[in-house]
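Taking it in order: structure first as structure tokens, then the write-up.
Protein chains: 2
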Amino acid sequence: MQDDARHGLEMEPEEMLSLAGKAAEVLVDRTKALGNDRPWEGEFRAVLDEQFGGSPPEQGRPAMDVLEQAVRDILPFATRLDHPRCFGFVPTSPTWPGVVADFLCAGFNLNVATWLTASGASQLELVVVDWMRNWIGYPETAGGMLTSGGSAAIMEALVTARDAAGNPQIPSVYMSDRSHSALKKAAVIVGVRRENIRVVSSDDDYRMDMPELRRMVSEDRARGLHPIVVCANAGTASTGAIDPLGPMADFCADESIWLHVDAAYGGFALVTERGKELLRGIERADSINLDAHKWFFQPYEAGALLVKDLKHLETTFAMGHDVLQDTIWGANHPNMSDRGLQLSRAARALKIWMSVQTFGMEKFRDAVRNGLELAQRAAQYIESSAALELTHKVTLGIVCFRFNSSRGDDERMLEEINRKVLAEIFWSEHAFFSSTSLKGKFTLRICIVNHSTTWEDVKSTLDLVARLGHEASKK
Amino acid sequence: MQDDARHGLEMEPEEMLSLAGKAAEVLVDRTKALGNDRPWEGEFRAVLDEQFGGSPPEQGRPAMDVLEQAVRDILPFATRLDHPRCFGFVPTSPTWPGVVADFLCAGFNLNVATWLTASGASQLELVVVDWMRNWIGYPETAGGMLTSGGSAAIMEALVTARDAAGNPQIPSVYMSDRSHSALKKAAVIVGVRRENIRVVSSDDDYRMDMPELRRMVSEDRARGLHPIVVCANAGTASTGAIDPLGPMADFCADESIWLHVDAAYGGFALVTERGKELLRGIERADSINLDAHKWFFQPYEAGALLVKDLKHLETTFAMGHDVLQDTIWGANHPNMSDRGLQLSRAARALKIWMSVQTFGMEKFRDAVRNGLELAQRAAQYIESSAALELTHKVTLGIVCFRFNSSRGDDERMLEEINRKVLAEIFWSEHAFFSSTSLKGKFTLRICIVNHSTTWEDVKSTLDLVARLGHEASKK
Numbered sequence: 001m002q003d004d005a006r007h008g009l010e011m012e013p014e015e016m017l018s019l020a021g022k023a024a025e026v027l028v029d030r031t032k033a034l035g036n037d038r039p040w041e042g043e044f045r046a047v048l049d050e051q052f053g054g055s056p057p058e059q060g061r062p063a064m065d066v067l068e069q070a071v072r073d074i075l076p077f078a079t080r081l082d083h084p085r086c087f088g089f090v091p092t093s094p095t096w097p098g099v100v101a102d103f104l105c106a107g108f109n110l111n112v113a114t115w116l117t118a119s120g121a122s123q124l125e126l127v128v129v130d131w132m133r134n135w136i137g138y139p140e141t142a143g144g145m146l147t148s149g150g151s152a153a154i155m156e157a158l159v160t161a162r163d164a165a166g167n168p169q170i171p172s173v174y175m176s177d178r179s180h181s182a183l184k185k186a187a188v189i190v191g192v193r194r195e196n197i198r199v200v201s202s203d204d205d206y207r208m209d210m211p212e213l214r215r216m217v218s219e220d221r222a223r224g225l226h227p228i229v230v231c232a233n234a235g236t237a238s239t240g241a242i243d244p245l246g247p248m249a250d251f252c253a254d255e256s257i258w259l260h261v262d263a264a265y266g267g268f269a270l271v272t273e274r275g276k277e278l279l280r281g282i283e284r285a286d287s288i289n290l291d292a293h294k295w296f297f298q299p300y301e302a303g304a305l306l307v308k309d310l311k312h313l314e315t316t317f318a319m320g321h322d323v324l325q326d327t328i329w330g331a332n333h334p335n336m337s338d339r340g341l342q343l344s345r346a347a348r349a350l351k352i353w354m355s356v357q358t359f360g361m362e363k364f365r366d367a368v369r370n371g372l373e374l375a376q377r378a379a380q381y382i383e384s385s386a387a388l389e390l391t392h393k394v395t396l397g398i399v400c401f402r403f404n405s406s407r408g409d410d411e412r413m414l415e416e417i418n419r420k421v422l423a424e425i426f427w428s429e430h431a432f433f434s435s436t437s438l439k440g441k442f443t444l445r446i447c448i449v450n451h452s453t454t455w456e457d458v459k460s461t462l463d464l465v466a467r468l469g470h471e472a473s474k475k
Numbered sequence: 476m477q478d479d480a481r482h483g484l485e486m487e488p489e490e491m492l493s494l495a496g497k498a499a500e501v502l503v504d505r506t507k508a509l510g511n512d513r514p515w516e517g518e519f520r521a522v523l524d525e526q527f528g529g530s531p532p533e534q535g536r537p538a539m540d541v542l543e544q545a546v547r548d549i550l551p552f553a554t555r556l557d558h559p560r561c562f563g564f565v566p567t568s569p570t571w572p573g574v575v576a577d578f579l580c581a582g583f584n585l586n587v588a589t590w591l592t593a594s595g596a597s598q599l600e601l602v603v604v605d606w607m608r609n610w611i612g613y614p615e616t617a618g619g620m621l622t623s624g625g626s627a628a629i630m631e632a633l634v635t636a637r638d639a640a641g642n643p644q645i646p647s648v649y650m651s652d653r654s655h656s657a658l659k660k661a662a663v664i665v666g667v668r669r670e671n672i673r674v675v676s677s678d679d680d681y682r683m684d685m686p687e688l689r690r691m692v693s694e695d696r697a698r699g700l701h702p703i704v705v706c707a708n709a710g711t712a713s714t715g716a717i718d719p720l721g722p723m724a725d726f727c728a729d730e731s732i733w734l735h736v737d738a739a740y741g742g743f744a745l746v747t748e749r750g751k752e753l754l755r756g757i758e759r760a761d762s763i764n765l766d767a768h769k770w771f772f773q774p775y776e777a778g779a780l781l782v783k784d785l786k787h788l789e790t791t792f793a794m795g796h797d798v799l800q801d802t803i804w805g806a807n808h809p810n811m812s813d814r815g816l817q818l819s820r821a822a823r824a825l826k827i828w829m830s831v832q833t834f835g836m837e838k839f840r841d842a843v844r845n846g847l848e849l850a851q852r853a854a855q856y857i858e859s860s861a862a863l864e865l866t867h868k869v870t871l872g873i874v875c876f877r878f879n880s881s882r883g884d885d886e887r888m889l890e891e892i893n894r895k896v897l898a899e900i901f902w903s904e905h906a907f908f909s910s911t912s913l914k915g916k917f918t919l920r921i922c923i924v925n926h927s928t929t930w931e932d933v934k935s936t937l938d939l940v941a942r943l944g945h946e947a948s949k950k
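Each protein sequence line maps, in turn, to chains Z and G. Using the working numbering, you'd call the opening residue of the first sequence number 1 and step up by one each time. Using the working numbering, you'd call the opening residue of the second sequence number 476 and step up by one each time.
What follows is the structure in structure tokens.
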């Protein structure tokens, strides 16, 4: 017995297969063509609105037409963050098993809220988080979960830190002037007043200035503030600088303040020897966030939060609820939703697990090392160039530089020229990158975290900057 | 010029297609078999850990083997929330175009953070959010964004409400004793002390008791608390009850308190005439969250937050950052990340848009109506049954009932029998549902929001409860 309603939102198996097959073809064609395509495309709101705005239709139309419209009119208008010459912001380049995993995860309709709703995927998340625990060098007491990204993970860390400090009346937090806006946003969310989000200057290497941190904390305590967390950068978004993790851990231990490390961009450098060395001390943090959708080659969204003592997370986030009274599974079967913000949760671990199983850690290590090495090579190339100037030493995969053929120091003119270069690059369709501001100095910035980026991609981009810079300075 | 490293994490097009093709086949086969499969499968941690725990491998293995292991050992151990007889918690049943959209979204590697990184998908999100705005009956000043789910949306609403109230020193929030744990979690996150999360009793219909709300707010103000938000339920998770939205809106207007409506489960009833009637007054709320992964048939994650006056969201969440200095696009081109927690954001709008375009609103309306009608029919069937008792009147798609053949009121014995029934159902493999607690009364509970559920699915489940109840009461 079946009624008509049953088939309203269903599809015949053949149609399902052909729709998914078409999607796969589109994606494979896109991947094949990517290096020869432009790294960015965008459109104005009015134009896009005309194409696909307006009310939802009462009647449907063939699924294949809908897919084709999405592929033609909607999806391409974006920064191709996985383009080998997309160096803007922190780009990303997902592996195919990761993409297929997201497809499976949606299709299996998994909700990794509790052990009962998804025991397989809950265990998988424990496994993947444990890999990260090992890479960090955290003890067995540590644990955590996957998140929508760094913003959520940082927010969850700050709530946990705030509660661990007894939820004081006037909390304050500390971060360097190179910290990511996600840290400020998280502090606002958890109820720290904007004036008590204390921004500590960074030193000449853009690392947190320890004497200033000491001074501020001591002053703030004197005026009745309660410092709940010090945030360190393990790879700033601007330059890749790593804050002095050891001294910060010493300071936080002395002062009984929670130390959080934002390793969203830099954390996965830990799978290489060089990264491990650079990030020494990270294992002393109380909590750490990393993004597998950045330097671990996964599709969005794949953040992670690890806490050195897992029980802090569950103390803060586990809530009871009548409707979930049947989900109790017994000891040692954690409900992943007890560890953070989300109750319903997609199975984010699947993509990480499938990618690593398919390629093996050796290839992942190589891919991360590729970024580290290309950045170093770019720095050398820039330093040996008469036209270019390195504006900050390279630590991880970010290279800050500018056109400066005259080795001049007329900042106003250098900014004008380099802004022109950036605009020209933007329209060149060869590469895409962005700029940043280093102590008021306008600087170009490339971030190399794509496993498919070659030296030729980097070199051709630097050469183009030199050429465009010469043109711009002649005008 | 290519070097070896380039191919470390890449795959040949043929392999990519065959991997995606296999995934599609697996998912289509799963869908075809779903109604005849059991609605739940679970496993113990030790067993799962043995199957796929341990360190990541140094060397990879064939992608197809990895996929097959995931499909065999990991993914099936879950509640099949899209099974036509899965009535537990709030189940979900995604449409295929929605699943394919998530595949496309991962493959296109979209990051809907700013207009510049994804103008197509940003516009698409505006379009889909505007559909929701219209269904609610919100004015043109309203807007919002898609979120990972209700928990994130509610948290964002509470931060916004707190800031709109001037971020007072001792904030308090109000919700009924039937409110979802996500509301408590959100309040904790935004810094409301646990003792100031004020739980208002509900009346006999499990709707917020207005005199008690009035009394509590007035008492709290007198002792120096600052009420920042009153939370209403538009469909409680336990019974589907809808709080008195009109009177709550009046009260909040009089008291200048932000009114948030948690419509995670019930919100999409708005696309039907009956739902519109039931939810009248919702358009007077300051903010509303809904989950398209619930009653709008999308894969996880697809939450939404709408705010009556959009500028409140951007006042709270927009942060500047050096590294994003190049993303400014000019007026009327919003950066979606300025509206909430996340910076990097998957393109959640694509699944909603593709599904609606493919099937049309008429079919979506039918599918939601199907749930409303089946719940009413179940209520009638229970009321006409000698063995079953309706424990709460049906409002939306949730039916609360229990075995009670003797019309007895020995609560202890009724609980014992019904707990036995629940356990038997759990192992029966015919259906999956859960229980709840109504003013201390243990009750069974089915939630009907699957577009593929038929009356036969519901009836056979109720008949099974009656049979198991008789057996349990004989023992």
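We put the beta carbon where it would ideally sit given N, CA and C, even for glycine.
CB contact check: residue i to chain Z, cutoff 7 Å
i, result
"G:Tyr775", "yes"
"G:Ser623", "yes"
"G:His787", "no"
"G:Lys868", "no"
"G:Leu847", "no"
"G:Ile549", "yes"
Nearest neighbour of residue i, chosen from the options [CA to CA]
i, options, result
"Z:Leu374", "Z:Thr453, Z:Ala302 and Z:Arg339", "Z:Thr453"
"Z:Gly340", "Z:Asp410, Z:Cys105, Z:Gly144 and Z:Arg445", "Z:Gly144"
"G:Ala777", "G:Gly529, G:Met607 and G:Ala553", "G:Met607"
"G:Pro646", "G:Ile672, G:Arg852, G:Lys659 and G:Ser623", "G:Ile672"
"Z:Val478", "G:Asn586, G:Ile892 and G:Leu579", "Past the edges of chain Z, shown from 1 to 475, lies residue 478 of chain Z, and the structure says nothing about it."
"Z:Gly28", "Z:Pro97, Z:Ala386 and Z:Gly408", "A small correction: the amino acid at residue 28 of chain Z is Val; Gly does not occupy that position in the sequence shown. Out of Z:Pro97, Z:Ala386 and Z:Gly408, Z:Pro97 has the C-alpha closest to the C-alpha of Z:Val28."
"G:Arg669", "G:Ser676, G:Lys660 and G:Asp684", "G:Lys660"
"G:Arg555", "G:Phe583, G:Arg513 and G:Asn584", "G:Arg513"
"G:Ser948", "G:Ser912, G:Ser935, G:Thr802 and G:Glu891", "G:Glu891"
Any chain G beta carbon closer than 7 Å to residue i
i, result
"Z:Phe87", "no"
"Z:Gly137", "no"
"Z:Glu362", "yes"
Supposed close pair residue i, residue j - CB separation, criterion 8 Å
i, j, result
"Z:Pro227", "Z:Tyr174", "7 Å"
"Z:Ala63", "Z:Leu104", "About 20 Å separates the two Cβ atoms, so there is no contact after all."
"Z:Val229", "Z:His260", "5 Å"
"G:Ala709", "G:Ile664", "About 22 Å separates the two Cβ atoms, so there is no contact after all."
"G:Met685", "G:Ser651", "That belief does not hold up - the Cβ atoms of G:Met685 and G:Ser651 are roughly 10 Å apart, past 8 Å."
"Z:Tyr265", "Z:His392", "Not a contact, Cβ separation roughly 15 Å."
"Z:Ser119", "G:Ala906", "With 8 Å as the limit, Z:Ser119 and G:Ala906 do not qualify as a contact, their Cβ atoms being about 19 Å apart."
Three-state class that DSSP yields for residue i in the structure shown
i, result
"G:Ala864", "A small fix is needed here, since residue 864 of chain G is Glu in this sequence, not Ala. In the structure shown, G:Glu864 sits in a strand (DSSP, three-state: E or B)."
"G:Phe878", "strand"
"Z:Arg223", "coil"
"G:Arg547", "helix"
"G:Val565", "coil"
"Z:Asp291", "strand"
"Z:Ala234", "strand"
"G:Tyr856", "helix"
"G:Val541", "helix"
Stretch-stretch touch, CB-based, cutoff 8 Å, three pairs: the segment 139-159 of chain Z with the segment 541-548 of chain G | Pairwise C-beta distances place the segment 139-159 of chain Z out of contact with the segment 541-548 of chain G, as fewer than three of them are shorter than 8 Å.
Any 3 or more C-beta pairs closer than 8 Å across the segment 300-314 of chain Z and the segment 152-160 of chain Z = yes
contact_flag[the segment 421-439 of chain Z, the segment 459-472 of chain Z] where n(CB pairs < 8 Å) is 3 or more | yes
Could you say if the segment 358-371 of chain Z and the segment 521-537 of chain G meet the contact criterion of at least three C-beta pairs nearer than 8 Å?
-> Touching, per the Cβ criterion.
Below 8 Å, can you find three or more Cβ-Cβ pairs linking the segment 340-352 of chain Z to the segment 766-782 of chain G?
-> yes
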